[in-house]
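Residue numbers (our numbering), protein chains in the order written: chain A, 1 to 260; chain B, 261 to 536.
Ideal Cβ placement from N, Cα and C applies to all residues, glycine included.
First comes the structure, then the notes that go with it.
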Amino acid sequence: MSALTVYAASIAHAIRTSLRDRTNFLLQALGMVLNDGFFLVLWFLFFAGFREVGGWGRSDVALLLGIIMIVVAISGVFFGGYRDMAATILKGELDSLLTQPKWVLPRLIARESIPSAWGDLVVGLILLSTTAHLAIVQLPLALIALVCGLTVYVASGTLYASLAFWFAGARSFARDLTDFMLLFSSYPGSIYSGATRVIAYSILPAGFVVLTPVKLLRTPDAETLALAISASTIYFTLAVCAFHFGLRRYRRGDVNASLA
Amino acid sequence: MRFMRRRSDFPRTADAALAAFGIGLRQAFAAWPVLMGRALFYLVVMAILAALWDKVTAAHLPGTLAAHLPEGALTLYVGVTEWITLSVSAIHLRLEDDIRSGALEPQLLRPKPYLAQRISESLGGAAARLIVLAIAGIALLVLSGRPQPPLLAFMYVAVLGVLGCAIGVLLFTFAGLSAFWIRRVLPPYLIVQKLTFLLGGLFAPISLYPRWLFRFALATPFAAHTFFAGVQIIAPSERFFFFGIGLEVLWIIALSALIALLWRRGLARLLREGSP
């Protein structure tokens, strides 16, 4: 079996497990719908009071939020292990995976499927199909934009979690970095300038997770498309390399496991 | 296991809680790279939110609230609310871990009440963060060259902010205890977080809301968590300061009672049915 087949089998199992307890699944998914609803009310109140931010209106922010919700949703459903990867490393739970012949990373990110992510998926799809002002002909471009954003998001989550191979306090730090990447991804791109713009396109790459995809859908051109694809390739490569080198440390016993 | 012991046990429980507070404080300072990282995030978040509000107020769009906003005031307000929320430690994750992994049960055999110990430890961690983030925030304010609020405002903010942070720890505890019923506490945590955004005025003062929504938000623990302290930095008022203290203390008592109730119910379920 290839790594991809092992990943597919693992994630299918994780999704089935997440669906098994229906009450728990529904509570989590509906909880997320409620959470997203509060967030949308907040933005609704904001635009009722202030109308626009640096040229970004309500439909632009709806597009931005729709994309980030779907990116987070797909990450949670199909790559849910990224969320607690740092804790998994620090608890020494990689040991059992190291005894098996297949790649560790795909198995690690397929360990869990997060039920609440389905709530994000529902709200994200509703947003994109209603208030974001997207036409049906934009669907292929929207899919490309989503795949690029998703790759950068999961790769960044993996990069942050890989810090656990070097740094014992990385559990909350990795979560914080992921949450702040989300925070950056939830605000209109027009507010970023100078240092914040540099951060948004590097350490906390909200620029590539959501702002470039939004630009690709609003003003599509070859340059933006190339930028989105290049960024996703670079972040993917960085994540795989960081995890690989970290795993080598782990195999040598240089990681302070069971500290989480 | 009971949340509160018999009256005769109270001094020992309080001593243990105080010791746990000290442990939390020292642990947070010992993990200084994490603390520095948090301070850095605070600065980054402030850079984003300052950019947002400066952009909105600079536009002065006619017929919008932007025309009535005082220059730079909302940045100061958000600086205070973020100082409080970023100081609250992630007790919900610790509770989720202990409940899900079965690490809670052995703790119940120990002579000290588990939950009071965890909350005290989290309050200790929160205290360390409050100190470090306050230093970072004041340094940022001085370096930014923005007009500085009067000294009295800082005193009001310090008192209300500390109490508000304690309310935050209790709210997160509330979210964490949901692990007795659901596998992941992320949704309840995010709901608490978003309610803090919406009803706590994390993002903008709730006084900008329509009158009915403002009154409703004011009566919730979320306003006590962030708004009372935040508003003092832009409009210091002795009357509102004492009003804020009263409500914050009231919410600390009410939330503690609710948490005790939830803990008993959850524990009974856990011992009967196991973790979800």
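- Residue environment: B/A277 is assigned as buried (16 or more neighbouring CB atoms within 10 Å of its CB, all protein chains considered).
- Contact with chain B is found for A/T196, since one of that chain's Cβ atoms lies less than 9 Å from the residue's Cβ.
- If you draw a straight line from the Cα of B/L303 to the Cα of A/F173, it comes to about 15 Å.
- Around the beta carbon of B/Q408, fewer than 16 other beta carbons lie within 10 angstroms, which makes this residue exposed.
- Per the coordinates, the alpha-carbon of B/I451 lies some 8 Å from the alpha-carbon of A/M32.
- The continuous alpha helix (DSSP H) containing B/Q492 extends over residues F488 to I494.
- Of the other Cβ atoms in all chains shown, 16 or more fall within 10 Å of the Cβ of B/L522; this residue is therefore buried.
- By the Cβ neighbour-count rule, B/A290 is exposed, with fewer than 16 other Cβ atoms within 10 Å of its own.
- For the pair B/E381 and B/A396, the Cα-to-Cα distance works out to about 23 Å.
- The continuous alpha helix (DSSP H) containing B/A277 extends over residues F270 to A290.
- Within the region 100–133 of chain A, the residues whose Cβ lies closer than 9 Å to any Cβ of chain B are, in chain order, I114, P115, S116 and G119.
- By the C-beta criterion, the region 463–473 of chain B is judged not to be in contact with the region 369–380 of chain B, since fewer than 3 inter-stretch pairs fall below 8 Å.
- With the criterion set as a beta carbon lying under 8 Å from some beta carbon of chain A, the region 500–526 of chain B has no members that meet it.
- One Cα belongs to A/A168, the other to B/L437, and the distance between them is close to 26 Å.
- Within chain B, not a single residue places a beta-carbon under 7 Å from that of A/S10; the smallest gap is close to 18 Å.
- Identification of residues in the region 434–468 of chain B having a C-beta nearer than 7 Å to some C-beta of chain A yields I442, R443, R444, L446, P447, P448, L450, I451, K454, L455, F457, L458, F463 and L468, given in sequence order.
- Per DSSP, the unbroken alpha helix (DSSP H) holding B/V429 starts and ends at L411 to L437.
- With respect to chain A, the C-beta atom of B/F301 has a partner C-beta closer than 9 Å.
- Taking 8 Å as the upper bound for CB-CB distance, A/F243 and A/T178 are not in contact here, some 15 Å apart.
- Taking the beta carbon of B/L312 as reference, the chain A residues within 7 Å of it are V53, Y187 and I191, listed in sequence order.
- Rounded to whole angstroms, A/G149 and A/I229 show a C-alpha spacing of 9 Å.
- Contact of A/L27 with chain B by beta-carbon distance below 8 Å involves W441, I442 and P447.
- Straight through space, the alpha carbons of B/Y449 and B/A288 are spaced by roughly 22 Å.
- In this structure B/G428 is in contact with B/H485, their Cβ atoms being roughly 5 Å apart against a cut-off of 8 Å.
- If the five residues before and after B/L355 are omitted, its C-beta is found closer than 8 Å to the C-beta atoms of R378, T433, G436, L437, A439 and V445, all from its own chain and listed in chain order.
- In this structure, the CA atom of A/R16 is about 52 Å from the CA atom of B/F503.
- Annotation for B/Y416: Q492, P496 and F501 place their beta carbon closer than 6 Å to its own, counting only its chain and skipping 5 residues before and after.
- Annotated three-state conformation of A/V210 is helix, per DSSP.
- For B/V422, the closest C-alpha among the options B/G461, B/R360 and B/F487 is that of B/F487.
- For B/V392, the closest Cβ of chain A is not nearer than 9 Å.
- The closest CA to that of A/Y187, considering only A/L139, A/L238 and A/F39, is found on A/F39.
- Annotation: Cβ neighbours of A/S172 in chain B (cutoff 7 Å, chain order): V294 and A350.
- If you compare the alpha carbons of A/W56, A/V6 and A/S116 with that of A/F25, the shortest gap goes to A/S116.
- In the three-state scheme derived from DSSP, where H, G and I count as helix and E and B as strand, A/W56 is classed as strand.
- Between the alpha carbons of A/A145 and A/F44 lies a gap of roughly 25 Å.
- By the C-beta criterion, the region 76–83 of chain A is judged not to be in contact with the region 341–351 of chain B, since fewer than 3 inter-stretch pairs fall below 8 Å.
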